[in-house]
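Chains as they are written, first to last, in the working numbering: chain A, 63 to 359; chain B, 217 to 473. Beta carbons: idealized from backbone N, C-alpha and C, even for Gly.
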Ligand SMILES: Nc1ncnc2c1ncn2[C@@H]1O[C@H](COP(=O)(O)OP(=O)(O)OP(=O)(O)O)[C@@H](O)[C@H]1O
Ligand SMILES: [Mg+2]
């Protein structure tokens with residue numbers, strides 16, 4: 063029996079050593095990165111990778127410059143009519159004018175605000191509903207066809223109804239935003255909840271866990287990665303919601319500027335608004351992506 | 217020796233839309249305190265079902281199960297269930313994983329119990345990994361953590377459902393030794409389900425052989441290999457081969473019927 067115990071502790075020590083070595087390896091790799099004393103082949107390999115990266119970056123920038131340059135050139139020489147197509151230089155002028163008058167800040171803020179509120183409501187409410195559907199299998203089965211219908215329906219079709227029900231302006235824009243995001247949130251989160259390994263649930267039950275404990279200690283933490291993936295999708299969709307809403311009914315916001323600019327044939331305004339919209343949307347996506355990196359670690 | 221678990225004429229029928237599946241048919245056996253019992257039988261004969269019954273996750277269709285004087289549903293404190301996979305929660309570190317059971321019972325502030333877990337971790341070589349995430353551990357270590365998580369709530373009876381089958385053969389032998397050693401030193405009773413006859417012989421004091429579904433107890437074989445020491449050493453026992461053949465034939469004979 064005693065010898066047996068020794069062999070166990072031996073094997074334990076062995077495993078520890080292996081793990082320690084693994085740790086050391088990681089550490090030394092990190093150090094090496096700073097010192098850069100790799101073998102020749104590895105230096106070459108790293109060089110190739112960074113070269114590849116540089117080529118990609120440069121190509122991306124070159125493409126942008128060519129596109130903008132062509133756009134500017136063709137409008138300058140009159141191949142394209144700048145009245146219909148606008149041009150980079152005209153957009154710059156427009157940007158300057160908009161920002162110096164300060165009015166643009168209001169429009170940007172309004173759209174951002176509608177998007178964020180719609181996004182937040184859809185996320186919170188969506189997760190809440192998903193939890194209810196997870197909790198009660200019967201409710202889930204009863205509501206299934208309704209969710210399928212809601213999911214396949216193009217939500218924009220409900221626009222006129224929304225305006226009548228919740229009034230024109232901000233509230234119906236937010237409602238549109240919520241409507242577009244919430245169904246996908248519910249479906250994705252519910253799927254994620256249901257995907258949790260049944261054995262893990264049995265394990266919790268065998269330890270005497272209540273359903274609330276299973277939810278809080280297993281299901282919710284388990285689906286955090288999926289939750290963040292859903293956020294990445296819905297943040298994009300909430301922009302669709304708010305801009306669509308503004309197309310339908312609004313007197314301010316970037317969507318309003320785009321529609322208004324289109325109506326009065328002010329293409330510079332349209333293009334500039336789209337550019338600003340791009341910047342805002344990318345910024346928000348970037349924040350969510352950062353959040354994801356933080357959680358995945 | 218005290219009797220800890222008793223099955224008397226237990227039947228279990230699963231209801232499905234298309235079928236009624238008789239999984240267990242008149243199962244009777246009993247397990248004493250501190251005994252290590254293995255259940256073997258052909259695939260799909262209802263081994264996992266028996267463990268679910270003991271864990272109180274299912275109720276028998278007929279017959280009676282007595283776990284330390286009461287029905288299993290009232291005795292969830294007495295059992296610890298260990299699955300084929302370790303099912304450690306990746307978002308928790310090792311320490312948070314092993315105290316999960318206490319947390320569920322709202323006893324995670326009980327210093328005595330925490331100290332006991334600490335001692336277990338120390339004893340079985342996991343002390344330095346408390347703050348690590350499960351993904352940083354080897355398969356064998358993970359399985360040991362899972363065992364300590366099961367032991368943390370201080371159960372009397374451990375239910376082990378093929379706990380080694382996810383490991384490679386080499387690790388499997390050492391983890392087998394470890395787990396056996398831990399269970400014996402902590403004076404636990406164990407009910408192990410396995411496909412592997414040699415594993416059953418090397419670990420158990422008693423082997424319950426089940427027949428094909430609807431399964432009955434075909435034979436209960438009491439082993440006397442304890443004197444050989446650890447499971448690994450028991451594999452060298454001279455009776456080992458004979459026992460293996462006997463049990464293998466018992467299972468096989470049934471399948472050819
Ligand atoms: N929830 C269920 N509903 C219906 N039938 C089930 C259910 N669980 C198990 N069964 C059936 O009952 C029988 C016994 O299942 P069980 O999982 O206990 O077998 P097992 O001996 O553990 O098998 P294995 O060796 O493959 O793990 C199988 O034929 C299985 O198909
Ligand atoms: Mg099984």
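Spatial distance of residue i from residue j (CA atoms)
{"i": "residue 361 of chain B", "j": "residue 259 of chain B", "result": "28 Å"}
{"i": "residue 306 of chain B", "j": "residue 350 of chain B", "result": "6 Å"}
{"i": "residue 266 of chain B", "j": "residue 310 of chain B", "result": "30 Å"}
{"i": "residue 290 of chain B", "j": "residue 281 of chain B", "result": "12 Å"}
{"i": "residue 229 of chain A", "j": "residue 314 of chain A", "result": "16 Å"}
{"i": "residue 243 of chain A", "j": "residue 189 of chain A", "result": "11 Å"}
{"i": "residue 312 of chain B", "j": "residue 250 of chain A", "result": "28 Å"}
{"i": "residue 92 of chain A", "j": "residue 100 of chain A", "result": "Note that residue 92 of chain A scores 47 on pLDDT, short of 50, meaning its location in the model is unreliable; the coordinates nonetheless yield the value given after this. Rounded to the nearest angstrom, the two C-alpha atoms are 12 Å apart."}
{"i": "residue 245 of chain B", "j": "residue 223 of chain B", "result": "5 Å"}
{"i": "residue 310 of chain A", "j": "residue 130 of chain A", "result": "31 Å"}
{"i": "residue 555 of chain B", "j": "residue 379 of chain B", "result": "Limits of chain B in this structure are 217 at one end and 473 at the other, which puts residue 555 of chain B out of reach."}
{"i": "residue 176 of chain A", "j": "residue 278 of chain A", "result": "31 Å"}
{"i": "residue 411 of chain B", "j": "residue 319 of chain B", "result": "33 Å"}
{"i": "residue 208 of chain A", "j": "residue 246 of chain A", "result": "13 Å"}
{"i": "residue 232 of chain A", "j": "residue 303 of chain A", "result": "12 Å"}
{"i": "residue 138 of chain A", "j": "residue 132 of chain A", "result": "10 Å"}
{"i": "residue 271 of chain B", "j": "residue 104 of chain A", "result": "55 Å"}
{"i": "residue 332 of chain A", "j": "residue 305 of chain A", "result": "13 Å"}
{"i": "residue 462 of chain B", "j": "residue 424 of chain B", "result": "13 Å"}
{"i": "residue 312 of chain A", "j": "residue 354 of chain A", "result": "34 Å"}
{"i": "residue 363 of chain B", "j": "residue 395 of chain B", "result": "8 Å"}
{"i": "residue 382 of chain B", "j": "residue 261 of chain A", "result": "15 Å"}
{"i": "residue 248 of chain B", "j": "residue 273 of chain B", "result": "22 Å"}
{"i": "residue 298 of chain B", "j": "residue 265 of chain A", "result": "8 Å"}
{"i": "residue 268 of chain A", "j": "residue 121 of chain A", "result": "58 Å"}
Beta-bridge pairing of residue i - partner residues as DSSP gives them
{"i": "residue 377 of chain B", "result": "B:409"}
{"i": "residue 416 of chain B", "result": "For residue 416 of chain B, which the question treats as bridged, DSSP gives no partner whatsoever."}
{"i": "residue 391 of chain B", "result": "Looking at the DSSP assignment, residue 391 of chain B forms no beta bridge with any residue, so it has no partner."}
{"i": "residue 248 of chain B", "result": "B:219"}
{"i": "residue 305 of chain A", "result": "Note: residue 305 of chain A sits in no beta bridge, so no partner."}
{"i": "residue 229 of chain B", "result": "B:238"}
{"i": "residue 296 of chain B", "result": "B:374"}
{"i": "residue 438 of chain B", "result": "B:422"}
Min CB distance residue i to chain A below 9 Å
{"i": "residue 317 of chain B", "result": "yes"}
Minimum Cβ-Cβ distance from residue i to chain B less than 9 Å
{"i": "residue 353 of chain A", "result": "no"}
{"i": "residue 290 of chain A", "result": "no"}
{"i": "residue 203 of chain A", "result": "no"}
{"i": "residue 294 of chain A", "result": "no"}
{"i": "residue 284 of chain A", "result": "yes"}
{"i": "residue 279 of chain A", "result": "yes"}
Buried or exposed by the 16-neighbour rule on C-beta atoms within 10 Å, applied to residue i
{"i": "residue 404 of chain B", "result": "buried"}
{"i": "residue 335 of chain A", "result": "buried"}
{"i": "residue 435 of chain B", "result": "exposed"}
{"i": "residue 227 of chain A", "result": "exposed"}
{"i": "residue 115 of chain A", "result": "exposed"}
{"i": "residue 348 of chain A", "result": "exposed"}
{"i": "residue 181 of chain A", "result": "buried"}
{"i": "residue 261 of chain B", "result": "buried"}
{"i": "residue 357 of chain B", "result": "buried"}
Below-9 Å beta-carbon distance, residue i vs any chain E residue
{"i": "residue 106 of chain A", "result": "You won't find chain E in this structure, because its protein chains are A and B."}
Legend entry - Members of the region 290-309 of chain B that neighbour chain A once the beta carbon cut-off is set at 9 Å: 292, 293, 295, 296, 297, 298, 299, 300, 301, 303, 305, 306, 307 and 308: these are the residues of the region 290-309 of chain B whose beta carbon lies less than 9 Å from some beta carbon of chain A, given in chain order.
Legend entry - Chain-ordered residues of the region 367-386 of chain B with a beta carbon less than 7 Å from chain A: Hits within the stretch, in order: 369.
Inset, instruction - Return the residues of the region 258-275 of chain A that lie within a Cβ-Cβ distance of less than 9 Å from chain B, sorted by chain order. - result: Result list: 259, 261, 262, 264, 265, 266, 267, 268, 269, 270, 271, 272 and 275.
Legend entry - Contact residues within the region 312-346 of chain B, judged by C-beta distance below 9 Å to chain A: Flagged, chain order: 316, 317, 319, 320, 321, 340, 341, 342, 344 and 345.
Inset, instruction - Give, in chain order, every residue of the region 208-241 of chain A whose Cβ lies closer than 9 Å to some Cβ of chain B. - result: Hits within the stretch: zero.
Inset, instruction - Scan the region 262-285 of chain B for residues whose Cβ lies nearer than 7 Å to a Cβ of chain A and list them as they occur along the chain. - result: For the region 262-285 of chain B, the beta-carbon criterion of a distance under 7 Å to any beta-carbon of chain A is satisfied by 271 and 273.
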